[in-house]
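*Asks:*
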Ligand code: ADP
Ligand code: MG
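Residue numbers (our numbering): 1077 to 1385.
(1) On a CA-only basis, which of 1360, 1279, 1238 is nearest residue 1084? Give me that one, please.
(2) Check whether the Cβ atoms of residue 1352 and residue 1340 lie closer than 7 Å to each other.
(3) Is it buried or exposed, residue 1256, if we count other Cβ atoms within 10 angstroms and call 16 or more buried?
(4) Using a threshold of 6 Å, is the CB atom of residue 1211 nearer than that to any non-hydrogen atom of the ligand ADP?
(5) Looking at the ligand MG, does it come within less than 6 Å of residue 1330, judged from the CB to the closest heavy atom?
(6) Taking the continuous beta strand (DSSP E) assigned at residue 1364, which residues delimit it?
(7) Would you identify the three-state DSSP class for residue 1331, choosing helix, strand or coil?
(8) Please specify which runs of the beta strand (DSSP E), each continuous and at least 3 residues long, are wholly inside the segment 1134 to 1160, giving them in chain order.
(9) With a threshold of 6 Å on Cβ separation, who are the neighbours of residue 1245 within its own chain once the five nearest residues in sequence on each side are excluded?
(10) Is it the case that the Cβ atoms of residue 1073 and residue 1161 are separated by a distance below 7 Å?
(11) How should residue 1125 be labelled, buried or exposed, when 16 other C-beta atoms within 10 angstroms of its C-beta is the threshold for buried?
(12) Give the list of continuous alpha helix (DSSP H) stretches no shorter than 4 residues that lie fully inside the segment 1158 to 1204.
(13) CA-CA distance, residue 1225 and residue 1137?
(14) State the Cα-Cα distance for the pair residue 1251 and residue 1100, rounded to the nearest angstrom.
(15) Please confirm whether residue 1302 and residue 1163 have their CB atoms less than 7 Å apart.
(16) If you draw a straight line from the C-alpha of residue 1090 to the C-alpha of residue 1106, how long is it?
(17) What number of angstroms, rounded off, separates the C-alpha of residue 1200 from the C-alpha of residue 1145?
(18) Please report the straight-line C-alpha distance between residue 1177 and residue 1114, rounded to a whole angstrom.
(19) Determine the closest residue to residue 1147 out of 1365, 1191, 1346, with distance taken between C-alpha atoms.
(20) Can you tell me whether residue 1223 is buried or exposed? The criterion is at least 16 other CB atoms within 10 Å of its CB, across all chains shown.
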């Protein structure tokens, strides 16, 4: 997946620790073979590259994951939608970036969205309806891989540890002193400065924003998270951090809530009842923090909101 995985575990001895970490890495490789859009031989690549209308058999793993992603897409009213591939192409987000001409954007919007895909019964087969449509797993693949890594560690008997996969964190147990693992949340404007500190146990922390991954077109920075409703990169309002037991859910919801933005996102998250989300909103006079009720229980420190803008 083109990113770094770091794992730290507590085990009875060095061999047990190394074995568990190896199992975690292997499980991430297995997810990569199912979901990677950066290689031609993954399960998802076979669907993304098939001729429009040609039915492709889905591996059971891919079928289940696409069903899971589709359900979250419906639940977030389409804010999360992995079928943004045509829009990624239109904006050249995997290249140098490009402002699409209106006709190109309109064409990309017509071929975006999960409606461009047909899924057979039990999600064992699928086809895409047009040549431009493809599923970008970037919004949930890391979380799915972390979920597999955590499961591998647990199967190996590990109950205490922490994994960092490209910035998304998953922890096992309650941390070194039992009060929860400390997980800092960066200031979206200055990534090296922590803006808040969380304490989490047996959970995953995922942050989505536009400050880390973007392309520059003319004088403007465009982030890599697209708003499927407009076909344009979501505006860079700050960042949102989600804490969830399931790393895949944390990953999906941080992407979805970034698209929804701090107002609609907070409303949506509170309506779900148990979604722990922290919105860091960049304003003229510094950083504004907004947290759902579930998140406030995990928040240890809120430094001065005067972050200098
Ligand atoms: P990161 O991968 O940097 O942690 P995210 O988890 O927020 O960030 O995922 C962003 C990625 O998700 C994009 O690079 C793209 O591959 C994909 N994506 C972009 N917009 C959407 C969207 N609206 N729904 C689902 N996936 C998206
Ligand atoms: Mg995500």
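Every residue, glycine too, gets a C-beta built ideally from N, C-alpha and C.
*Replies:* According to the structure shown:
(1) Position 8 of the chain shown, counted from the first residue, corresponds to residue 1084. Among 1360, 1279, 1238, the Cα nearest to that of residue 1084 is on 1238.
(2) Taking the first residue of the chain shown as position 1, residue 1352 is located at position 276. Taking the first residue of the chain shown as position 1, residue 1340 is located at position 264. Contact: no.
(3) For this step, residue 1256 is matched to residue 180 along the chain shown. Only buried fits residue 1256, as 16 or more other CB atoms lie within 10 angstroms of its CB.
(4) Taking the first residue of the chain shown as 1, we reach residue 1211 at position 135. Not under cutoff, so the answer is no.
(5) For the purposes of this step, residue 1330 is taken as the residue at position 254 of the chain shown. Inclusion of residue 1330 in the 6 Å shell around the ligand MG follows from its C-beta lying nearer than that to a non-hydrogen atom of the ligand.
(6) If you number the chain shown from 1, residue 1364 lands on position 288. Start and end: 1362 to 1367.
(7) Counting from one through the chain shown, the residue named residue 1331 turns up at place 255. It is helical.
(8) Within the segment 1134 to 1160, no complete beta strand (DSSP E) segment of 3 residues or longer occurs.
(9) Working through the chain shown from its first residue, we reach residue 1245 at position 169. Excluding five sequence positions before and after residue 1245, the CB atoms of its chain that fall closer than 6 Å to its own CB belong to 1259, 1281, given in chain order.
(10) Lying before the first or after the last residue shown, residue 1073 is absent from the chain, which here runs from 1077 to 1385.
(11) Counting from one through the chain shown, the residue named residue 1125 turns up at place 49. So residue 1125 ends up on the exposed side.
(12) Listed in chain order, they are 1161 to 1166, 1178 to 1186.
(13) In the chain shown, counting from the first residue as 1, residue 1225 sits at position 149. In the chain shown, counting from the first residue as 1, residue 1137 sits at position 61. About 15 Å.
(14) Position 175 of the chain shown, counting from 1, holds the residue named residue 1251. Position 24 of the chain shown, counting from 1, holds the residue named residue 1100. Residue 1251 and residue 1100: Cα-Cα distance of roughly 19 Å.
(15) Translated into positions along the chain shown, residue 1302 becomes position 226. Translated into positions along the chain shown, residue 1163 becomes position 87. Against a cut-off of 7 Å, the Cβ pair of residue 1163 and residue 1302 comes out as a contact.
(16) The residue given as residue 1090 occupies position 14 in the chain shown. The residue given as residue 1106 occupies position 30 in the chain shown. Rounded to the nearest angstrom, the two C-alpha atoms are 24 Å apart.
(17) For the purposes of this step, residue 1200 is identified with residue 124 of the chain shown, where counting begins at 1. For the purposes of this step, residue 1145 is identified with residue 69 of the chain shown, where counting begins at 1. If you take the alpha carbons of residue 1200 and residue 1145, they lie about 15 Å apart.
(18) The sequence position of residue 1177 within the chain shown is 101, counting from 1. The sequence position of residue 1114 within the chain shown is 38, counting from 1. One Cα belongs to residue 1177, the other to residue 1114, and the distance between them is close to 26 Å.
(19) Taking the first residue of the chain shown as 1, we reach residue 1147 at position 71. Looking at the Cα atoms, 1191 is the closest of the given residues.
(20) In the chain shown, the residue the question calls residue 1223 occupies position 147. Classified as buried, residue 1223 has 16 or more neighbouring CB atoms from the shown chains inside 10 Å of its CB.
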